[in-house]
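See below for the structure under consideration.
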Amino acid sequence: MTAEKFVQEIAKSAAEKLYNQPIADNLIQIQKTRKEFEGDYTMVAFPLLRLSRKSPEETCKEIGEQMVALNSQIQGYNVIKGFLNITLSKSYWANTLNFIAQTNEFGFIKPKTDKPVVIEFSSPNTNKPLHLGHIRNNLLGLSISRIMEKSGKQVVKVNLVNDRGIHICKSMLAWQKFGNGETPETSGKKGDHLVGDYYVKFDKEYKAQIEELKAKGMSEDEAKVKAPIIQEAQEMLRRWEAKDPEVIELWKTMNGWVYQGFDKTYADLGIHFDKVYYESETYLLGKSVVMDGLNRGIFFKKEDGSVWVDLTSDGLDQKLLLRGDGTSVYITQDIGTAIQRYNEFKFDEHIYVVGNEQEYHFQVLKLIMKKLGYDWSDALFHLSYGMVQLPEGKMKSREGTVVDADDLIEEMIDTARQMSEELGKLDDVDHGVASEVIRMVGLAALKYFILKVDPKKNMTFNPKESIDFNGNTGPFIQYTHARIKSVLSKAAEAGFQVKGIIKPEYISNPKELDLIQQISQFPEIVQAAAENHNPALIANYAYELAKEYNQFYHDHTILKEPDEGTRLLRLTLSDQVADVIKRAMWLLGIEVPDRM
RNA sequence: GGUCCGGUAGCUCAGUUGGAUAGAGCAACAGCCUUCUAAGCUGUGGGUCGUGGGUUCGAAUCCCGCCCGGAUCACCA
10 MTAEKFVQEI
20 AKSAAEKLYN
30 QPIADNLIQI
40 QKTRKEFEGD
50 YTMVAFPLLR
60 LSRKSPEETC
70 KEIGEQMVAL
80 NSQIQGYNVI
90 KGFLNITLSK
100 SYWANTLNFI
110 AQTNEFGFIK
120 PKTDKPVVIE
130 FSSPNTNKPL
140 HLGHIRNNLL
150 GLSISRIMEK
160 SGKQVVKVNL
170 VNDRGIHICK
180 SMLAWQKFGN
190 GETPETSGKK
200 GDHLVGDYYV
210 KFDKEYKAQI
220 EELKAKGMSE
230 DEAKVKAPII
240 QEAQEMLRRW
250 EAKDPEVIEL
260 WKTMNGWVYQ
270 GFDKTYADLG
280 IHFDKVYYES
290 ETYLLGKSVV
300 MDGLNRGIFF
310 KKEDGSVWVD
320 LTSDGLDQKL
330 LLRGDGTSVY
340 ITQDIGTAIQ
350 RYNEFKFDEH
360 IYVVGNEQEY
370 HFQVLKLIMK
380 KLGYDWSDAL
390 FHLSYGMVQL
400 PEGKMKSREG
410 TVVDADDLIE
420 EMIDTARQMS
430 EELGKLDDVD
440 HGVASEVIRM
450 VGLAALKYFI
460 LKVDPKKNMT
470 FNPKESIDFN
480 GNTGPFIQYT
490 HARIKSVLSK
500 AAEAGFQVKG
510 IIKPEYISNP
520 KELDLIQQIS
530 QFPEIVQAAA
540 ENHNPALIAN
550 YAYELAKEYN
560 QFYHDHTILK
570 EPDEGTRLLR
580 LTLSDQVADV
590 IKRAMWLLGI
600 EVPDRM
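Using the working numbering, the first residue of the first sequence is number 10, and each one after it goes up by one.
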């Protein structure tokens, strides 16, 4: 039981005893006591005034009095205006710390359900490399997977690769026309970047042709359709759909290059999937479901043969499900894959990590599944996140303002290296080990920067100011961990006892109590992050904990503490703080070095 | 125009079912390394919580109007 709950229950029975009647939970409001006041938890008296028929101060006083009488763990109380500040005994906190130290992976729960949570994220297009927006998607997906897993769910991580369509044909065509057989090997370029370059090349050529046609007197709209290169691309798509061997061969080759490139980026970010789906294999799914819905009168057909769903009674519009020629659209496929995945996994929840520009899409998808009579339609959840924008606004590939994922990762690691050299921290360490630490630090800066922001908010990234390594950052938290590890290893060298039962009298100052209280909250934070699908809660918690520890570390010596008991307490506490930091950071997909 | 999301310090962001004097970091300035890692710690300055009403003991938080920004409303994905 958490300390807050513990206090709440005692307060409740105190009030019930005083006012001689059962009391609803929501009347007993317990919160953490604010820093500037003495005490651990605070009860707000206002909701109880009707029962007590006394002033706020007097109400606090009588409840405080009663609580002390009821339970010996309530050490004392003070009253300020309508607020009852309750102090728990040292023995309560000593027991709490002992419990935490004896618990394996405190705060993490082993998976207990056989119905998994399916999490789809990343879902890249195979015509260009990943950029900053994808990084947010990937990091959110990774982190939310880990959070769900450690809050007690089975997790299946899936990726749906968008490997077909006109945009893929565009880069294929441009490579065919202008590539001269260039490959990642001959050019020295990473595969996804190489393919992306041809996608850009296509766009340039396309634009030029449009201008040319316009100069000959054609309207813009007509030129966009008539430009030879776009017509060739469309022809290529038709050939692809007809399984033309030559086109398929080219498609396989170029996608292969892209996957090699993606594999590196995924490896850099620490991401992997349990299952990868390809749109080329799923894009025909859903048709039969739509036809079935049509027969059951859930959907309707227009004169041209296209199939629609009418969502006007749900406050939305009519939505196309199948084209007049019988081919499917984006949502047709999503209907199909959702059913396929349900049959495959019988999931408890299906999370789609997708940008907020697709909120409408997922709203529609959910409604359609409901109309089709799938009782699990409520299990579909769109984890919608805001876009990452530059100070000037949206990233635009045409203007070359897209922040490339690989470049950014490299820059972060470079900055970390530079920083480390300036500080001279790793001078005496083996080069390979030092590089590994530097990699961890650079990536931590990037990952934490992205994940500390509430997913649903748009966020700004300023490439010029880059990402900090001081203050509320990943490296700050890593640093705290490294310092603790350093103290612990010195303690071991000195032959100090590092593990043992903590007695209440070992606790010597309020900072120690604050730290025990803070680490004891970790399990609730993990649960809250899982329920809200929000890694930022973990990030903020880890920061607060590291900050609190740094103050403690600054103010109190550990190894030179003369009192053996207090020294043991401080070592145990430090050890537990380091462990909680490590686990919290793991939930964010961030590694923590033992020294830096 | 309809729907959804956001607006908190110069900048980037916290603020957990409504609670005490709204908090961090960055940037600026001033201090702290013969002492467990100074990627740290301490202090100073910086706010009509977009705006106007309402609900109540109490509102950044809940309700309504308005202003600003973003997304979306495709036989694109």
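Heads up, the beta-carbon is just placed ideally off N, CA and C, and yes, glycines get one too.
Inset, instruction - Give the DSSP-derived three-state secondary structure of N104 in the structure shown. - result: Reduced to three states, the DSSP call for N104 is helix.
Legend entry - For I447, the three-state DSSP class (helix, strand or coil): DSSP places I447 in helix when its eight states are reduced to three.
Legend entry - Whole-number beta carbon distance between Y361 and F371, since they are thought to touch under 8 Å: Contact between F371 and Y361 is confirmed by a C-beta separation of about 6 Å, below the 8 Å threshold.
Inset, instruction - Determine the extent of the beta strand (DSSP E) in which E358 is found, giving its start and end residues. - result: Counted as a single uninterrupted DSSP element, the beta strand (DSSP E) harbouring E358 occupies residues E358 to G364.
Inset, instruction - May I have the straight-line CA-CA distance separating E71 from V589, to the nearest angstrom? - result: Rounded to the nearest angstrom, the two C-alpha atoms are 38 Å apart.
Legend entry - Beta-carbon proximity list for S583, same chain, < 7 Å, skipping 5 on both sides: Taken in chain order, the residues that qualify are I493, V496, L497 and I567.
Inset, instruction - Run the CB neighbour count on R305, radius 10 Å, all protein chains shown included, and call it buried at 16 or more, exposed below. - result: Burial check for R305: the Cβ neighbour count within 10 Å stays below 16, so the residue is exposed.
Legend entry - Close-in-space but distant-in-sequence residues of the same chain around L294 (CB under 7 Å, 5 per side omitted): Only Q342, G345, T346 and Q349 meet the Cβ criterion.
Inset, instruction - May I have the straight-line CA-CA distance separating E445 from R592, to the nearest angstrom? - result: Roughly 19 Å between the two C-alpha positions.
Inset, instruction - Report the three-state DSSP secondary structure of Q185 (helix, strand or coil). - result: Looking at Q185 - three-state DSSP - the assignment turns out to be helix.
Legend entry - Residues sharing a beta bridge with Y383, DSSP: Under DSSP, Y383 shares a beta bridge with no residue.
Inset, instruction - Check whether the Cβ atoms of A425 and G451 sit closer than 8 Å, and answer yes or no. - result: In this structure, G451 lies closer than 8 Å to A425 by Cβ.
Inset, instruction - Please work out which residues of its chain come closer than 7 Å, Cβ to Cβ, to Q506, disregarding the five sequence neighbours upstream and downstream, and give them in chain order. - result: Within the same chain, L577 come within 7 Å of Q506 by CB-CB distance, once the 5 residues on both sides are set aside.
Legend entry - Whole-angstrom C-beta distance between I486 and K551, which should lie under 8 Å: One point to set straight first is that residue 551 is Ala, not Lys, in the sequence displayed. Contact holds; Cβ gap of about 5 Å.
Inset, instruction - Pull up the DSSP beta-bridge partners for D413, would you. - result: H140, per the DSSP bridge assignment.
Inset, instruction - Output the distance between the C-alpha atoms of L399 and L141, rounded to the nearest integer angstrom. - result: Separation of L399 and L141 (C-alpha to C-alpha, rounded to the nearest whole angstrom) is 10 Å.
Legend entry - Same chain, Cβ closer than 8 Å to F356, five either side skipped, listed in chain order: Hits under 8 Å: K124, P125, V126, V127, V165, R350, W385 and A388.
Legend entry - Beta bridge counterpart(s) of H391 as assigned by DSSP: Paired residue(s): Y361.
Legend entry - With 16 other Cβ atoms within 10 Å as the buried cut-off, status of M10: Classification of M10: exposed, given that the 10 Å Cβ count is below 16.
Legend entry - Through-space distance from Q163 to A539, alpha-carbon basis: A539 and Q163: Cα-Cα distance of roughly 13 Å.
Inset, instruction - Please name the residue or residues paired with Y50 in a DSSP beta bridge. - result: For Y50, the beta-bridge partners assigned by DSSP are K41 and I95.
Legend entry - For Q536, the first and last residue of its enclosing alpha helix (DSSP H): Per DSSP, Q536 belongs to the alpha helix (DSSP H) from F531 to E540.
Legend entry - Buried versus exposed call for I175 [16 or more other C-beta atoms within 10 Å across all chains shown]: Answer is exposed; the Cβ neighbour count stays below 16.
Legend entry - Span separating the alpha-carbon of M181 from that of Y208: Going by the C-alpha atoms only, they are around 8 Å apart.
Legend entry - alpha helix (DSSP H) segment containing V250, residue limits: Residue 250 is actually Glu in this sequence, not Val. It spans P237 to E250 - the alpha helix (DSSP H) in which E250 sits, taken as one unbroken run.
Inset, instruction - To the nearest angstrom, report how far apart T135 and T489 are at their CA atoms. - result: If you draw a straight line from the Cα of T135 to the Cα of T489, it comes to about 40 Å.
Inset, instruction - Measure how close the beta-carbons of G91 and P65 come, nearest whole angstrom, since I'm counting them as under 8 Å. - result: Taking the Cβ atoms as the reference, G91 lies roughly 3 Å from P65, within the contact range of under 8 Å.
Legend entry - Buried versus exposed, by CB contacts within 10 Å (16 or more), Y101: By the 10 Å Cβ count, Y101 comes out buried.
Legend entry - Selection from L27, N35 and H565 that minimises the alpha carbon distance to G73: The candidate whose alpha carbon is nearest that of G73 is L27.
Inset, instruction - Please work out which residues of its chain come closer than 6 Å, Cβ to Cβ, to Y287, disregarding the five sequence neighbours upstream and downstream, and give them in chain order. - result: Apart from sequence neighbours up to five positions away, the residues of its chain that approach Y287 with a beta-carbon distance below 6 Å are V170 and D172, ordered along the chain.
Legend entry - Local conformation of D227 per DSSP, three classes: Going by the sequence as given, residue 227 is Met instead of Asp. In the displayed model, M227 falls within coil according to three-state DSSP, outside both helix and strand.
Legend entry - Backbone CA spacing between T112 and D206 [nearest angstrom]: If I take the Cα positions, the gap works out to 53 Å.
Inset, instruction - Compare the beta carbon distance of I404 and G364 with 8 Å and say whether it is the shorter of the two. - result: With the sequence shown as reference, residue 404 is identified as Met, and Ile is not the correct amino acid for it. Contact: no.
Legend entry - Contact under 8 Å by Cβ, R307 with L417: At residue 307 the sequence reads Ile, which differs from the Arg that was named. No; because the gap between Cβ atoms is not below 8 Å, this pair is not in contact.
Legend entry - Coil, strand or helix - L597 by DSSP: In the displayed model, L597 falls within coil according to three-state DSSP, outside both helix and strand.
Legend entry - Buried versus exposed, by CB contacts within 10 Å (16 or more), G48: Counting C-beta atoms within 10 angstroms of its own C-beta, G48 has 16 or more neighbours from the protein chains shown and is therefore classed as buried.
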